[in-house]
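Engineer: Can you keep this structure in mind? I'll have questions shortly.
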Amino acid sequence: MRHFEEGTTMSDELLDLEELSEYYKKTNLLLKDLENSQKIKIPSEIYHYTSLQAIYSILKQKTIRLTNCEFLNDNSEIIYIRKIISELLDTDEDINNYRSDSNFVSFFKESVLKTFDKHVEKLTPNIFILSLTESNHSLSMWSGYSDSDGYRLTFDFESIVNNIASIGTNTFVSEKKSGSLKLKNFTYTAKVIYSKKDQIEYLKKFLLIYAKVLFDLGSVRFDSQKATEFNAESISEIFGKLFAFAYICKDDCFEYENEHRITITFDYRTGDRKLVEQYRFSRGSIIPYIELDFTDPKTNLIPIVEIQIGPKINIDIAEKGLKRFLDSSGYSNISVTKSKIPLR
Numbered sequence: 006m007r008h009f010e011e012g013t014t015m016s017d018e019l020l021d022l023e024e025l026s027e028y029y030k031k032t033n034l035l036l037k038d039l040e041n042s043q044k045i046k047i048p049s050e051i052y053h054y055t056s057l058q059a060i061y062s063i064l065k066q067k068t069i070r071l072t073n074c075e076f077l078n079d080n081s082e083i084i085y086i087r088k089i090i091s092e093l094l095d096t097d098e099d100i101n102n103y104r105s106d107s108n109f110v111s112f113f114k115e116s117v118l119k120t121f122d123k124h125v126e127k128l129t130p131n132i133f134i135l136s137l138t139e140s141n142h143s144l145s146m147w148s149g150y151s152d153s154d155g156y157r158l159t160f161d162f163e164s165i166v167n168n169i170a171s172i173g174t175n176t177f178v179s180e181k182k183s184g185s186l187k188l189k190n191f192t193y194t195a196k197v198i199y200s201k202k203d204q205i206e207y208l209k210k211f212l213l214i215y216a217k218v219l220f221d222l223g224s225v226r227f228d229s230q231k232a233t234e235f236n237a238e239s240i241s242e243i244f245g246k247l248f249a250f251a252y253i254c255k256d257d258c259f260e261y262e263n264e265h266r267i268t269i270t271f272d273y274r275t276g277d278r279k280l281v282e283q284y285r286f287s288r289g290s291i292i293p294y295i296e297l298d299f300t301d302p303k304t305n306l307i308p309i310v311e312i313q314i315g316p317k318i319n320i321d322i323a324e325k326g327l328k329r330f331l332d333s334s335g336y337s338n339i340s341v342t343k344s345k346i347p348l349r
């Protein structure tokens, strides 16, 4: 590493800090690049399989729940991505020959995994996820997410992406504030990546940016507390973006889900998450979640275009009651259909 040289002026130091800032900002560009590459794949409609009770709550409250990432159906997701990072550190030639410095490579590998584990504790309590799917006629989705007697919502996905998930400030239900609360957050919408090859490609880019920061712009280069703190902040920024990416990566055995995710991350350095976090019961466990205002600002309505009744439900009573409820709630334009999947 290059050290802070004797005779260096304050302007030189500030230039170094600006250079450091540019490197960790590259992680933002990586995510933006991924987001832009996926925009051409955004479907006009997206689906969510759920219970009738959940649908009633969504339409009545005009909100939707996002579950904390540690309490998803597959709770091994972060373990999966750590395993890929570990494999990448062991086998990738560019990383293992970085600057032809074996001492640095050894230090770098240890730093990556230690910093990753440290940020698991910091970041995961502040990450909340809503799972959606492109699969509109899927027996496995019916049975897996609504016990075959649930319902399927069809959302206007373009409205969600453009008017709800693309803004940096959202409104949440806050029991502690006895109402709603507008908070800044990092919101990221993306199609889940199941290809291990693609996952490795993006993770490698993150890791090489981190290597650049550690090798060329490490805090030992700066003889000031401010620079040390700045460097620590840049590393947190890199790993914050790494975790945003990690939670759109899943093992390819889940590819049948065709999942899209809306991920909301609160700054762990603030207490914002605690202001809006709520809890529900599920299968003998207490599950943390947040409740997001999900209305399209143009209509002040949830952007739902269709509700499909599950394959095991008595269509006559279900359709009649649902249509009456939709009409009384201002959603008479939502069509109601019946799943055509034959089930006994």
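In terms of the working numbering, the sequence shown opens at residue 6 and continues consecutively.
For each residue, glycine too, the CB sits at the ideal point set by N, CA and C.
Are the stretch 97 to 109 and the stretch 121 to 130 touching, with three or more C-beta to C-beta distances below 8 Å?
Structural biologist: Because the criterion of three Cβ pairs below 8 Å is not met, the stretch 97 to 109 and the stretch 121 to 130 do not touch.
Engineer: If you follow the beta strand (DSSP E) that Thr72 is in, where does it begin and where does it stop?
Structural biologist: Indexing the sequence shown from 1 puts residue 72 at position 67. Run containing Thr72: 68 to 73, per the beta strand (DSSP E) assignment.
Engineer: Determine, using beta carbons only, whether Thr72 and Ile309 come nearer to each other than 8 Å.
Structural biologist: In the sequence shown, counting from the first residue as 1, residue 72 sits at position 67. In the sequence shown, counting from the first residue as 1, residue 309 sits at position 304. No; because the gap between Cβ atoms is not below 8 Å, this pair is not in contact.
Engineer: Would you report the Cα separation of Ile69 and Ile63, rounded to the nearest angstrom?
Structural biologist: The sequence position of residue 69 within the sequence shown is 64, counting from 1. The sequence position of residue 63 within the sequence shown is 58, counting from 1. Taking the straight line joining both Cα atoms gives about 6 Å.
Engineer: Exposed or buried, Tyr284, counting other C-beta atoms within 10 Å across all chains shown (16 or more means buried)?
Structural biologist: Translated into positions along the sequence shown, residue 284 becomes position 279. Its Cβ having fewer than 16 others within 10 Å, Tyr284 is exposed.
Engineer: Does the beta-carbon distance from Val281 to Ser183 come in below 8 Å?
Structural biologist: If you number the sequence shown from 1, residue 281 lands on position 276. If you number the sequence shown from 1, residue 183 lands on position 178. Cβ distance not < 8 Å, so Val281 and Ser183 don't count as in contact.
Engineer: Does any C-beta atom of chain D lie closer than 8 Å to the C-beta of Lys187?
Structural biologist: This model lacks chain D altogether; it includes just one protein chain.
Engineer: Is the Cβ-Cβ distance between Ile83 and Ala195 less than 8 Å?
Structural biologist: Stepping through the sequence shown from its first residue, residue 83 is reached at position 78. Stepping through the sequence shown from its first residue, residue 195 is reached at position 190. Against a cut-off of 8 Å, the Cβ pair of Ala195 and Ile83 comes out as no contact.
Engineer: Out of Thr275, Leu208, Asp298, point me to the one whose CA is closest to Asp97's CA.
Structural biologist: For the purposes of this step, residue 97 is identified with residue 92 of the sequence shown, where counting begins at 1. Asp97 has its Cα closest to that of Leu208, out of Thr275, Leu208, Asp298.
Engineer: What are the complete beta strand (DSSP E) segments, minimum 3 residues, inside the stretch 261 to 331?
Structural biologist: Those beta strand (DSSP E) runs which fall completely within the stretch 261 to 331 and span 3+ residues are 264 to 270, 283 to 287, 290 to 298, 309 to 314.
Engineer: Which class does Asn168 belong to by DSSP, given the choice of helix, strand or coil?
Structural biologist: On the sequence shown, position 163 is the one that residue 168 refers to. In the structure shown, Asn168 sits in a helix (DSSP, three-state: H, G or I).
Engineer: Look up Gly245 in the DSSP assignment and say whether it is helix, strand or coil.
Structural biologist: Taking the first residue of the sequence shown as position 1, residue 245 is located at position 240. In the structure shown, Gly245 sits in a helix (DSSP, three-state: H, G or I).
Engineer: Could you check whether the stretch 186 to 200 touches the stretch 286 to 293, counting it as contact only if at least three pairs of C-beta atoms, one from each stretch, sit closer than 8 Å?
Structural biologist: Flag = no, the stretch 186 to 200 and the stretch 286 to 293 do not touch.
Engineer: Give me the DSSP bridge partner(s) of Ser340.
Structural biologist: Residue numbering aside, residue 340 sits at position 335 when the sequence shown is read from its first letter. Glu311, per the DSSP bridge assignment.
Engineer: Could you name the residues of the same chain whose beta carbon sits closer than 6 Å to that of Phe133, not counting the 5 residues immediately before and after it, in chain order?
Structural biologist: Within the sequence shown, numbered from 1, the residue matching residue 133 stands at position 128. The residues are Leu71, Asn73, Ile269, Ile295.
Engineer: Can you give the Cα-Cα distance for Thr304 and Glu50, rounded to whole angstroms?
Structural biologist: Here the question's residue 304 lines up with position 299 in the sequence shown. Here the question's residue 50 lines up with position 45 in the sequence shown. Cα to Cα, the separation comes out at about 18 Å.
Engineer: Enumerate in chain order the residues of its own chain whose CB-to-CB distance from Ile90 is below 8 Å, with the five nearest sequence positions on each side excluded.
Structural biologist: By 1-based counting over the sequence shown, the position of residue 90 is 85. Only Val117, Leu118, Phe121, Leu208, Leu212 meet the Cβ criterion.
Engineer: State the CB to CB distance for the pair Gly315 and Tyr156, rounded to an integer number of angstroms; the pair is presumed to be in contact (CB under 8 Å).
Structural biologist: Taking the sequence shown and counting its residues from 1, one reaches residue 315 at position 310. Taking the sequence shown and counting its residues from 1, one reaches residue 156 at position 151. So it is a contact: roughly 6 Å between Cβ atoms.
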